[in-house]
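Numbering (full-length UniProt numbering), first residue to last: 1 to 423.
Quick look at the structure:
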């Protein structure tokens, strides 16, 4: 749908998968959209994602929202005539801790109540029959075959391309440095082209870019700690509470084994260690949510790829080997592989690991979509739908496929009730 005269002009800040998908969704609804990205699309957490997608959550709104997101991602390739972006390989959670397994069974009942009937609880015997590579020393697991893997680069690059065809103005390498406020509304953004001597180092600013707008959406992720200063004074009213969290991901090679990983699902353990195969099946990707201290991101552009001492894939006494040993205790074949490389990034963590998708508490035409705590890529279609609701209706009750959904779990200033299934 082309832009419709009279539709509001929305400026979206950030062209990761959240911002780019949102720009596309708004453009399809006829909004006038300007997308502004400090670097290139996907140069933050989106380009460093483990790229998995699940519907097994413990919050009703997130379960239903992720069911919606999976449908959108499943149809993305055919809808936009692009490469396949979603691969339903499944998610298997495995448990040794009785308390966690009991909670997982309760959560599974809620998931099935929400319509996710393919999600099931498995006994130890059932896990062994379906997934013979899992250690027998477990109590059981939960399994959903429609969960899976994504290709974020296909999603954000296609979203930007299609959005631009629909009339979205997309500024790359452009940083918003100031705003004009009229009372409690932003009326104009003041930006400059960014000059760099490498992909990371900003050495100056070039041409000015001024954007008049009716609404602004903040989808800047980790950078929201900086962008909030454009429109607010800290402490005057509730803002998204974001803490940077450094995350490391490691890759194992087959090391000469003939094992085929191509059909393995995402496997998550109750200690927080997890793995998934590359789509090719050639390598296994490992991660762990334990023992990485909060990482104070004074320079978010650079700190994403910094690897402190003790976290390299080649540190024999470090975090990577400890995690590898832990996972090999659940999936013994992993112990026979070879550690070959690492990558890293930084999550924009919220205290309860649920994002902030809400109208600002002071600036009336500002909507935030940040704090995804590592779930931004999978959440992006649902996020776009909530943002559109916030622009058009407001409030914390939203119609989604005929269900009146309570979305207060994503409100700014909410009481924090932690999401249990965090990776």
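We put the CB at the ideal spot given by N, CA and C, even for glycine.
Note that the structure is predicted; figures quoted are calculated from it, not measured.
(message) What does the alpha-carbon distance come out to for the pair residue 336 and residue 136?
(response) On the chain shown, position 336 is the one that residue 336 refers to. On the chain shown, position 136 is the one that residue 136 refers to. The alpha-carbon atoms of residue 336 and residue 136 are separated by roughly 18 angstroms.
(message) Does residue 409 come out as helix, strand or coil in the three-state DSSP assignment?
(response) Your numbering for residue 409 matches position 409 in the chain shown. Residue 409 falls in the helix class under three-state DSSP.
(message) Between 147, 109, 89 and 394, which has its C-alpha nearest residue 366's C-alpha?
(response) Against the chain shown, residue 366 aligns to sequence position 366. Residue 366 has its Cα closest to that of 394, out of 147, 109, 89 and 394.
(message) Using a 10 Å radius around the Cβ and a threshold of 16 neighbouring Cβ atoms, would you call residue 354 buried or exposed?
(response) Counting from 1 along the chain shown, the entry for residue 354 is found at position 354. So residue 354 ends up on the buried side.
(request) Rank 196, 405 and 392 by C-alpha distance to the C-alpha of residue 30 and give the top, closest one. (result) Start at 1 with the first residue of the chain shown, and residue 30 comes out as number 30. The option with the nearest alpha carbon to residue 30 is 392.
(request) Return yes when the Cβ of residue 189 is within less than 8 angstroms of the Cβ of residue 350, no when it is not. (result) Reading the chain shown from its first residue, position 350 is the one you call residue 350. Reading the chain shown from its first residue, position 189 is the one you call residue 189. Not closer than 8 angstroms, so no.
(request) Helix, strand or coil for residue 440, going by three-state DSSP, please let me know. (result) Missing from the structure shown is residue 440; the chain here goes from 1 to 423 and no further.
(message) Using the three-state DSSP reduction, which class does residue 215 fall into: helix, strand or coil?
(response) Indexing the chain shown from 1 puts residue 215 at position 215. Correct three-state label for residue 215: strand.
(request) Report yes if the CB atom of residue 268 is closer than 8 angstroms to the CB atom of residue 149, and no otherwise. (result) Within the chain shown, the letter at position 268 stands for residue 268. Within the chain shown, the letter at position 149 stands for residue 149. Contact flag unset, no.
(message) To the nearest angstrom, how far is the alpha carbon of residue 144 from that of residue 270?
(response) For this step, residue 144 is matched to residue 144 along the chain shown. For this step, residue 270 is matched to residue 270 along the chain shown. Near 16 angstroms, if we compare the C-alpha coordinates of residue 270 and residue 144.
(request) Decide yes or no for the touch test of the stretch 53-62 against the stretch 18-32: beta carbon pairs closer than 8 angstroms, at least 3 of them. (result) no
(request) Go ahead and label residue 151 buried or exposed: buried means 16 or more other beta carbons lie within 10 angstroms of its beta carbon, across all protein chains shown. (result) Walking along the chain shown from the start, residue 151 turns up at place 151. Buried.
(message) Please list the terminal residues of the continuous beta strand (DSSP E) segment that includes residue 341.
(response) Start at 1 with the first residue of the chain shown, and residue 341 comes out as number 341. Taken as a continuous stretch (DSSP letters only), the beta strand (DSSP E) holding residue 341 covers 338-349.
(message) Once DSSP output is grouped into helix, strand and coil, what is the label at residue 1?
(response) Indexing the chain shown from 1 puts residue 1 at position 1. Note that residue 1 scores a pLDDT of 40, beneath 50, so its modelled location is shaky and nothing firm can be said.
(request) Within 10 angstroms of the Cβ of residue 410, are there 16 or more other Cβ atoms? Answer buried if so, exposed if not. (result) For the purposes of this step, residue 410 is taken as the residue at position 410 of the chain shown. Residue 410 should be labelled buried.
(request) Can you have a look at residue 181 and say buried or exposed, based on whether 16 or more other CB atoms are within 10 angstroms of its CB? (result) Here the question's residue 181 lines up with position 181 in the chain shown. Counting Cβ neighbours within 10 Å, residue 181 comes out exposed, since fewer than 16 surround it.
(request) Mark residue 397 as exposed unless 16 or more other C-beta atoms lie within 10 angstroms of its C-beta, in which case mark it buried. (result) Indexing the chain shown from 1 puts residue 397 at position 397. Residue 397 comes out exposed.
(message) Going residue by residue through the stretch 90-135, where are the continuous beta strand (DSSP E) segments of at least 3 residues, counting only ones entirely within it?
(response) 91-95 and 120-123
(message) For residue 32, list the residues DSSP reports as bridge partners.
(response) For the purposes of this step, residue 32 is identified with residue 32 of the chain shown, where counting begins at 1. Its beta-bridge partners are 9.
(message) Taking DSSP's pairing of strands, which residues face residue 370 in a bridge?
(response) In the chain shown, the residue the question calls residue 370 occupies position 370. According to DSSP, which records beta bridges pairwise, residue 370 is partnered with 356.
(message) Quick check on this structure: which residue in 380, 245 and 264 has the alpha carbon closest to the alpha carbon of residue 156?
(response) Within the chain shown, the letter at position 156 stands for residue 156. Checked all of 380, 245 and 264; the closest Cα to residue 156 is 380.
(message) Taking the straight line between their C-alpha atoms, what separation do you get for residue 229 and residue 176?
(response) In the chain shown, counting from the first residue as 1, residue 229 sits at position 229. In the chain shown, counting from the first residue as 1, residue 176 sits at position 176. Answer to the nearest angstrom: the Cα atoms are 11 angstroms apart.
(message) Please report the straight-line C-alpha distance between residue 390 and residue 57, rounded to a whole angstrom.
(response) Start at 1 with the first residue of the chain shown, and residue 390 comes out as number 390. Start at 1 with the first residue of the chain shown, and residue 57 comes out as number 57. Looking at the two C-alpha atoms, the distance is approximately 23 angstroms.
(request) Hey, could you find the ends of the beta strand (DSSP E) residue 253 is sitting in? (result) The residue labelled residue 253 in the question sits at position 253 within the chain shown. Start and end: 243-253.
(request) Report the three-state DSSP secondary structure of residue 149 (helix, strand or coil). (result) Along the chain shown, one-based indexing puts residue 149 at 149. Correct three-state label for residue 149: strand.
(message) I need the straight-line Cα distance from residue 242 to residue 376, nearest angstrom please.
(response) For the purposes of this step, residue 242 is identified with residue 242 of the chain shown, where counting begins at 1. For the purposes of this step, residue 376 is identified with residue 376 of the chain shown, where counting begins at 1. Roughly 14 angstroms between the two C-alpha positions.
(message) I need the DSSP call for residue 191, collapsed to helix, strand or coil.
(response) Here residue 191 is taken as the residue at index 191 of the chain shown, counted from 1. In this structure, residue 191 counts as strand in the three-state DSSP scheme.
(request) Specify, as a first and last residue, the run of the alpha helix (DSSP H) that residue 268 falls within. (result) Here residue 268 corresponds to residue number 268 of the chain shown, with the count starting at 1. Note, residue 268: premise wrong, no alpha helix (DSSP H); beta strand (DSSP E) at 266-269.
(request) Pick helix, strand or coil for residue 76, following the three-state DSSP scheme. (result) For the purposes of this step, residue 76 is identified with residue 76 of the chain shown, where counting begins at 1. Three-state DSSP puts residue 76 in a helix.
(request) Examine the Cβ distances between the stretch 311-322 and the stretch 80-93 and report whether three or more of them are shorter than 8 angstroms. (result) no
(request) Inspect the beta-carbon positions of residue 133 and residue 331 and report whether they are closer than 8 angstroms. (result) To locate residue 133, count along the chain shown from 1; it is residue 133. To locate residue 331, count along the chain shown from 1; it is residue 331. Yes, they are a contact pair.
(request) Tell me whether the beta-carbon of residue 433 lies closer than 8 angstroms to the beta-carbon of residue 363. (result) Here the chain has residues from 1 to 423 only, and residue 433 is not among them.
(message) Using a Cβ distance threshold of 8 angstroms, determine whether the stretch 104-115 contacts the stretch 58-75, with at least three qualifying pairs required.
(response) yes
(request) Rounded to whole angstroms, what's the CA-CA distance from residue 68 to residue 382? Just pull it up for me. (result) Within the chain shown, numbered from 1, the residue matching residue 68 stands at position 68. Within the chain shown, numbered from 1, the residue matching residue 382 stands at position 382. Near 7 angstroms, if we compare the C-alpha coordinates of residue 382 and residue 68.
(message) Here's the rule I'm using: 16 or more other beta-carbon atoms within 10 Å means buried, otherwise exposed. How should residue 208 be labelled?
(response) Numbered from its first residue, the chain shown carries residue 208 at position 208. By the 10 Å Cβ count, residue 208 comes out exposed.
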